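Visitor:
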Amino acid sequence: MIPADVPISHLGPSVLLLLQLLLPPASAFFPNIWSLLAAPGSITHQDLTEEAALNVTLHLFLEQPPPGRPPLRLEDFLGRTLLADDLFAAYFGPGSPSRRFRAALGEVSRANAAQDFLPTSKNDPDLHFDAERLGQGRTRLVEALRETVAAAKALDYTLARQRLGAALHALQDFYSHSNWVELGKQQPHPHLLWPRQELRSLAQVGDPTCSDCEELSCPGNLLGFTLLTSGYFGTHPSKPPGKCSHGGHFDQSSSQPPRGGINKDSTSPGFSPHHMLHPQAAKLALLASIQAFNLLRSRLGDRGFSRLLDITPASSLSFVLDTTGSMGEEISAAKIQARHIVEQRRGTPMEPTHYVLVPFHDPGNYGLARRVEASPGQELALLHTPPLSDIFVFTDASPKDAFLTNRVESLTQERRCRVTFLVTEDPSRAQGRARREVLSPLRFEPYEAVALASGGEVIFTEDQYIQDVAAIVGDSIADLVTLPLEPRVVVAERPLVFRVDGLLQNVTVRIHGEVSSFWIRNPSGVSQSQEEGEGPLGHTRRFGRFWMVSMNDPPQSGTWEIQVTAKGTPRVRVQAQTSLDFLFHFGIPMEDGPHPGLYPLTQPVAGLQTQLLVEVTGLGSRGNPGGPLPHFSHVVLRGVPQGAELGQVPLEPRGPPERGLLAASLPPTLLSTSGPFSLELVGQDGVGRGLHRAAPQPCAVVPVLLELSGPPGFLAPGTTAPLSLRIASFSGPQDLHLRTSAKPNFALTSNLSRVHLEQNESASGRLWLEVPDTAASDSMVMVTVTAKNGEPSTMPPTHAFLRLLVRAPAPQDGVRLCPPIPATPAPPSLGSAPYLTKGPHVQLLLLSLPQTALIPGLAMLQQLQPLPKGILLPLQCLHPLQLKRQGAKADSLYSRAMGHAWLHCLVTDWPDAVAGSPKVPLVEPEASLQQ
C-alpha cells in the first residue's frame, strides 16, 4: 500500500540555506581532500581508504610474484609514500597505467565521503558510531561488508565499491567518535569485524561519561572510567544527562551540559575538541581499514579482490552484436578480433580481465548468459561493463529505440565508458540485403549522439572491410588518449593541428569518410600523403573509406598538421599511448559544516557553485625517476563539437604534488550553458615543454540536482523496497516531468510525477519497487529516474541511477563474516594433508561454483550419504568463508546450520569405497564460492 501523505517540501530562500537543508552536517573524519582547506594537516576518510588499499595491494604483489618479472622487495617500499603509479610500475612494468585502479579507489572514497551527505545516512547514528550506539553500529558495519562480498561475488563491482565505502566510513568513524583511543588502546578493536564476539564493557544509559568543558579544546573532559562510549551529535537522539557530545561549532548537543565533546576528526579545535589525539585515532583507523581489506581479500580470493579494486593495467572487452540474419560478416569480424586479443594478451598484464558479450535482436535481447528484458544493446553493456572501458557495437541498421538516446548518453557519462559503432549499412545498396525500414537521412543520429557523449565515434564501412576495420578494437583497448585537434572538425583549406609531447608513443591517425586526399606534416616540415604502405612518418593502411596511419616511434615532439580534402565532413581522430592521463569528477564544496568536504556529482548542476576535481595519473611512470614532475597549470573549457573556447580556469594543487590532485572552480557563465563541453588540461613536462591532455568524454550541465537512494541491504524476492527521491533547482523556475523505470522490468510506482520548483527550492518524493518472487538471486536491478523540463528547453534531461542487488535470504548466509564454530573436535591429521574419519552423523555440502578457471585432477563430494565408519578420506578442507590461496596448507573447518554439521572439503584421492560417487570440477580457491 502506497502512503499518500509523503509531502513535497519547499526548502528555503537561499542557496546556502538550501544546501544546509539538503546536506546537513553529520559526524565523521573529514570526508576528502577538499576538507584540508578547513583543517590543514588533518587525515581524511579519503586518505585512510586509499592508504589502506595501497598497503594491501602491495602485500598482494609481494605474495604473488609477477610472471616473467623479478619479485618485489618490501625494503624497496619502506620509508616511502605508497603511490599507485609506483606499485604498478614495479609489478607490471614501467609505464603500466594505474588509471583504472585509481578510478576504483575513487569510487570507494567517494562512497565513503557520501555517508556524510546522503539523506539516508547523514543523520543515522548507527552509521557513524555516535550516541553510544556501538552494538548497532557494529551490526550495520558487518552488514555493509557482507553486502560488499555478495555484490562482488555477483560481479557487480560498482555496487560492491559503494557498500565498501559505506563500511569503511563507519569503521574509521569508530576510532574518531568513541573513546577507544582515550582508553589507551594501541591496536584496533578485536571484535568490530567479527559479530559473534560480543562487545563488552559498554557504557550504559545511566553511566555519566563526560564533565563540562567550556573551551574549544577539551583534553580532560572524559570521566575516569574504563567503559566504551561515544559522543552524541545534534538533537536526534537527544543527549541524556552526563553524556559526552561529539563536539565542535556545529554540534547543537555540545552546548548542553556537559559541554564540549570528544571527537578526533581533525587537527582543528574548532571542529574537534580532542584534536590532540587525531593522529592516534587516524593510525588505528588505518590499521582497522587494512584489516577490513584483508578480510575481503580472504573472502573473495586474490582474483576476486583484484577485480573489486581493478588491480590491473588492462581494460575490459565489451562487444554488442546485432544478431539479425544479415550480420554474418560483422559477427565473424567480432569473433576474430576477440580471439586475437585473447590469444595475443593471454598471460600478460594487458590481458582483459572482464569480457562482456551482448547479442541483440529485434524480438528481444539475450546477453551475459541469461535472458534479459528488451533493452538497447549498448545500455545493457553499460550496465555490466566496468567504468573506463571501451564498448564496440557491430550493426548494419539504425536503432529501433531512439527514444532511449538521452538515457544511454547519461549512462555513458556516469560510467565513463566510450562507445564506438561499426556500421556496415550502405543506404545506396539495394541488392544483397533486405531493407527492414524506410531509410531516413537522420536515422543514425542516435548513434552519433551516444558516440559524441561518450567520446567514441561512428565508423561506416562495407562488409568486405569489416574485419580490417575491426582491428581498431585491439588497438583501442590499450591505454590510449585522444589528442585534441584545432579546429575540432575539418574545415576546407585549413589544416588540423595537434601537439605531440615526449610522453606519447604509438601515435595513430584515423580518417574516415569520402576522402580524395590528405597529408600529415611533422614539426620539422616532413610530410606524408595518403599513399598506402611505408612513408617517411609511418605506415598507411586503407580499408574502403577508412584510413589508418601508424606513426613511427618515437614521434617528434611539437606541433603536427593534417590537411584533408574530402566530400562531406570526414572524421579525423588522433590517439596515442601514454601513462600520463587524468581522472576527473565534480562536487559541491561544503565549507560551513562540522565536516567540510566535497559532495560528489557526476555532472555540474546549473546555478550551483561547482568544483572540478582532477587526479593526474602516471606521474610515477614518466621514465625519469627523481626528476621534476610534469604539472598542469590550467584547464581549457571548449564547446562540443565545434571546439569554441568557453574559458580557462586555473588549477590549484591539493595535497602533495606526487599525488597529482588538482581543483578548479567552474565559472558561473559555464554553469548557465546548455550544450556539452570538453575539458583540456594544459601544462608542462619536467623540462618545460608543453603538455596537453583532453578528457575522453565531454560533460554537460544538468538543470537540477537529482538524488536517488535506496534501503540498506539487499532486495529480497517477494518484497517491496521503498526508495527516496530528492530534486532541487538552483537556476530559476522549472516545471519538471519525472519518469521512472527499472531494469529488469519490475513494477515501480512513485508519488511524484510532476513538480514546479522556483529557484533554490527542492521537492521530495518516494518510489516503491516491487521485487517479484521469481527474481533471480544475485541479479542486479537498475532504477532510473529522469527529470525533464516540461517547457521547451535546450538543457538536457537529468538522470539518476541506482544499482540494487537481489539476494534471496538464506538460513546460513554464504558471506557470513564471523569465524565458524567447530561442530566436532578437530579431526586427526595424517601426513601433509588433513584427514577425517567419516561418520554417519556428518554430511558433505555441495558448494555452487562459477564455471571458470577449472583445475584438473581435483573434485568434490556432492551430498554423499553417510559412509561406513572408519573410512578415511584425504581432504583439503576450504570453508567458503575462509579460503586459502592455492598452494597454502588448508585447515579442516566446520560450520553449523539448521542443526546439522556441514563440512566443506575437497577430495584429493578417491578411495574405492566412494569411487562411484558423483564428482564436480573445482575452481581455483581465489574464485568466489557461494553456498
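Heads up: the sequence shown is residues -28 to -1, 1 to 903, going by mature numbering (1 follows the signal peptide of the UniProt record, and there is no 0).
Backbone N, C-alpha and C define an ideal beta-carbon position, used for all residues, glycine too.
All of these numbers come straight from a predicted model, not from anything done at the bench.
So, does the segment 374 to 394 touch the segment 658 to 673, judging by three or more C-beta pairs under 8 angstroms?
Guide: The segment 374 to 394 is in contact with the segment 658 to 673.
Visitor: For Met520, which residues does DSSP report across the bridge?
Guide: Translated into the one-based positions of the sequence shown, residue 520 becomes position 548. According to DSSP, which records beta bridges pairwise, Met520 is partnered with Arg482, Arg513.
Visitor: Flag this pair as touching only if the segment 689 to 706 and the segment 721 to 732 have three or more C-beta atom pairs under 8 angstroms; answer yes or no.
Guide: Flag = yes, the segment 689 to 706 and the segment 721 to 732 touch.
Visitor: Verify the contact flag: Phe243, CB atom, against every heavy atom of the ligand HEM, threshold strictly below 7 angstroms.
Guide: You won't find the ligand HEM in this model; it holds no ligand whatsoever.
Visitor: How is the beta strand (DSSP E) around Pro561 delimited, first residue to last?
Guide: For the purposes of this step, residue 561 is taken as the residue at position 589 of the sequence shown. Counting along the chain, the beta strand (DSSP E) containing Pro561 begins and ends at 553 to 562.
Visitor: Using only CA atoms, which one of Leu708, Gln583, Asp368, Gly655 lies nearest to Thr296?
Guide: Position 324 of the sequence shown, counting from 1, holds the residue named residue 296. The residue with the shortest Cα to Cα distance from Thr296 is Asp368.
Visitor: Between His141 and Gln87, how many whole angstroms is the CB-CB distance? I'm expecting something under 8 angstroms.
Guide: Sequence index remark: in the sequence shown, residue 141 carries index 169 (1-based). Sequence index remark: in the sequence shown, residue 87 carries index 115 (1-based). His141 to Gln87, Cβ: 4 angstroms. Contact.
Visitor: Hey, how far is the Cα of Leu663 from the Cα of Leu476?
Guide: Working through the sequence shown from its first residue, we reach residue 663 at position 691. Working through the sequence shown from its first residue, we reach residue 476 at position 504. Cα to Cα, Leu663 sits roughly 10 angstroms from Leu476.
Visitor: How about the segment 127 to 143 and the segment 257 to 273: do they share at least three Cβ pairs that are nearer than 8 angstroms?
Guide: Segments in contact, yes.
Visitor: What residue does the beta strand (DSSP E) around Lys715 start on, and which one ends it?
Guide: For the purposes of this step, residue 715 is taken as residue 743 along the sequence shown, with counting starting at 1. Segment 706 to 715, the beta strand (DSSP E) holding Lys715.
Visitor: Looking at the strands, I want to know which residues DSSP matches up with Arg271.
Guide: For the purposes of this step, residue 271 is taken as residue 299 along the sequence shown, with counting starting at 1. Answer is none; Arg271 lacks a bridge partner.
Visitor: Using 10 angstroms around the beta-carbon of Gly276, count the other beta-carbons present and answer buried if the total reaches 16, otherwise exposed.
Guide: By one-based count along the sequence shown, residue 276 stands at place 304. Gly276 comes out buried.
Visitor: How about Met523 and Val479: do their beta carbons lie closer than 8 angstroms?
Guide: Within the sequence shown, numbered from 1, the residue matching residue 523 stands at position 551. Within the sequence shown, numbered from 1, the residue matching residue 479 stands at position 507. Yes, they are a contact pair.
Visitor: Would you tell me roughly how many angstroms separate the C-alpha atoms of Val755 and Leu457, rounded to the nearest one?
Guide: Stepping through the sequence shown from its first residue, residue 755 is reached at position 783. Stepping through the sequence shown from its first residue, residue 457 is reached at position 485. Each residue's alpha carbon lies about 38 angstroms from the other.
Visitor: Go ahead and pull the three-state DSSP assignment for Glu119.
Guide: Here residue 119 corresponds to residue number 147 of the sequence shown, with the count starting at 1. Here Glu119 sits in helix by DSSP.
Visitor: The beta strand (DSSP E) that contains residue 925, what's its start and end?
Guide: There is no way to answer for residue 925, as the model of the chain reaches only from -28 to 903.
Visitor: Taking the CB atoms as reference points, tell me whether Pro675 and Asn378 lie closer together than 8 angstroms.
Guide: As a first step, residue 675 is located in the sequence shown; it is residue number 703 there, counting from the start. As a first step, residue 378 is located in the sequence shown; it is residue number 406 there, counting from the start. Their beta carbons are not under 8 angstroms apart, which means Pro675 does not touch Asn378 by this criterion.
Visitor: Take every Cβ of the segment 582 to 591, pair it with every Cβ of the segment 102 to 120, and state whether three or more of those distances are shorter than 8 angstroms.
Guide: Result no; under three Cβ-Cβ pairs closer than 8 angstroms.
Visitor: Expressed to the nearest angstrom, what Euclidean distance is found between the alpha-carbon atoms of Asn266 and Gln144?
Guide: Counting from one through the sequence shown, the residue named residue 266 turns up at place 294. Counting from one through the sequence shown, the residue named residue 144 turns up at place 172. Cα-Cα distance, rounded: 15 angstroms.
Visitor: For the pair the segment 26 to 44 and the segment 56 to 69, tell me if three or more CB-CB distances fall below 8 angstroms.
Guide: Touching, yes, given that three or more Cβ pairs across the two stretches are closer than 8 angstroms.
Visitor: Taking 8 angstroms as the limit between beta carbons, can you name the residues of its chain near Thr454, skipping five residues before and five after?
Guide: By one-based count along the sequence shown, residue 454 stands at place 482. Closer than 8 angstroms at the Cβ level, and outside the excluded window around Thr454, lie Gly427, Arg545, Val546, Gln547, Ala666, Pro668.
Visitor: Could you pull the DSSP bridge partners for Tyr571 from this structure?
Guide: Position 599 of the sequence shown, counting from 1, holds the residue named residue 571. Its beta-bridge partners are Ile560.
Visitor: Based on the DSSP secondary-structure assignment, which residues constitute the bridge partners of Gln36?
Guide: For the purposes of this step, residue 36 is identified with residue 64 of the sequence shown, where counting begins at 1. The partner list for Gln36 (beta bridge, DSSP) is empty, contrary to what the question assumes.
Visitor: Buried or exposed for His709, please, with buried defined as at least 16 other CB atoms from any protein chain shown within 10 angstroms of its CB.
Guide: Taking the sequence shown and counting its residues from 1, the one referred to as residue 709 is at position 737. By the neighbour-count rule (16 or more Cβ atoms within 10 Å), His709 is not buried but exposed.
Visitor: Report the residue from Leu573, Ala442, Leu634, Tyr437 whose alpha carbon sits nearest the alpha carbon of Leu653.
Guide: Locating residue 653 in the sequence shown gives position 681, counting from the first residue. Nearest option by C-alpha distance: Leu634.
Visitor: Any idea what DSSP makes of His221, helix, strand or coil?
Guide: Here the question's residue 221 lines up with position 249 in the sequence shown. It is coil, neither helix nor strand.
Visitor: Output the distance between the C-alpha atoms of Gln224 and Ser261, rounded to the nearest integer angstrom.
Guide: Residue mapping note: residue 224 aligns to position 252 of the sequence shown, counting from 1. Residue mapping note: residue 261 aligns to position 289 of the sequence shown, counting from 1. Cα to Cα, Gln224 sits roughly 30 angstroms from Ser261.
Visitor: Tell me, which residues are paired with Ile492 by DSSP?
Guide: Along the sequence shown, one-based indexing puts residue 492 at 520. For Ile492, which the question treats as bridged, DSSP gives the partners Gln500, Ile534.
Visitor: Taking 7 angstroms as the limit between beta carbons, can you name the residues of its chain near Arg460, skipping five residues before and five after?
Guide: By 1-based counting over the sequence shown, the position of residue 460 is 488. Excluding positions up to five away in sequence, the list reads Pro613, Gln614, Gly615.
Visitor: Could you give the distance in angstroms between the alpha-carbon of Ser370 and the alpha-carbon of Thr770?
Guide: Numbered from 1 along the sequence shown, position 398 holds the residue referred to as residue 370. Numbered from 1 along the sequence shown, position 798 holds the residue referred to as residue 770. Each residue's Cα considered, the two are about 25 angstroms apart.
Visitor: Here's the rule I'm using: 16 or more other beta-carbon atoms within 10 Å means buried, otherwise exposed. How should Glu506 be labelled?
Guide: Within the sequence shown, residue 506 is the residue found at index 534, counting from 1. That one is exposed.
Visitor: So which of Ser644, Leu609, Leu570 has the shortest CA-CA distance to Leu90?
Guide: As a working note, residue 90 is residue 118 in the sequence shown. Minimum Cα distance to Leu90 is reached at Leu570.
Visitor: Find the nearest neighbour of Ile560 within the set Gly196, Pro191, Ser217, Leu677, judged by alpha-carbon distance.
Guide: Residue numbering aside, residue 560 sits at position 588 when the sequence shown is read from its first letter. Closest option to Ile560, Cα to Cα, is Leu677.
Visitor: Using only alpha-carbon positions, find the residue among Lys760, Ile308, Val536, Ala442 that is nearest to Gly485.
Guide: Here residue 485 corresponds to residue number 513 of the sequence shown, with the count starting at 1. Checking every option, the nearest Cα to that of Gly485 belongs to Val536.
Visitor: Considering only their Cβ atoms, is the gap separating Glu503 from Leu555 smaller than 8 angstroms?
Guide: Within the sequence shown, the letter at position 583 stands for residue 555. Within the sequence shown, the letter at position 531 stands for residue 503. No, the pair does not count as a contact, with Cβ atoms beyond the cut-off.
Visitor: If we ignore side chains and look at the alpha-carbon of each, how far apart do Pro572 and Glu79 end up?
Guide: Taking the sequence shown and counting its residues from 1, one reaches residue 572 at position 600. Taking the sequence shown and counting its residues from 1, one reaches residue 79 at position 107. Those two C-alpha atoms are separated by around 10 angstroms.
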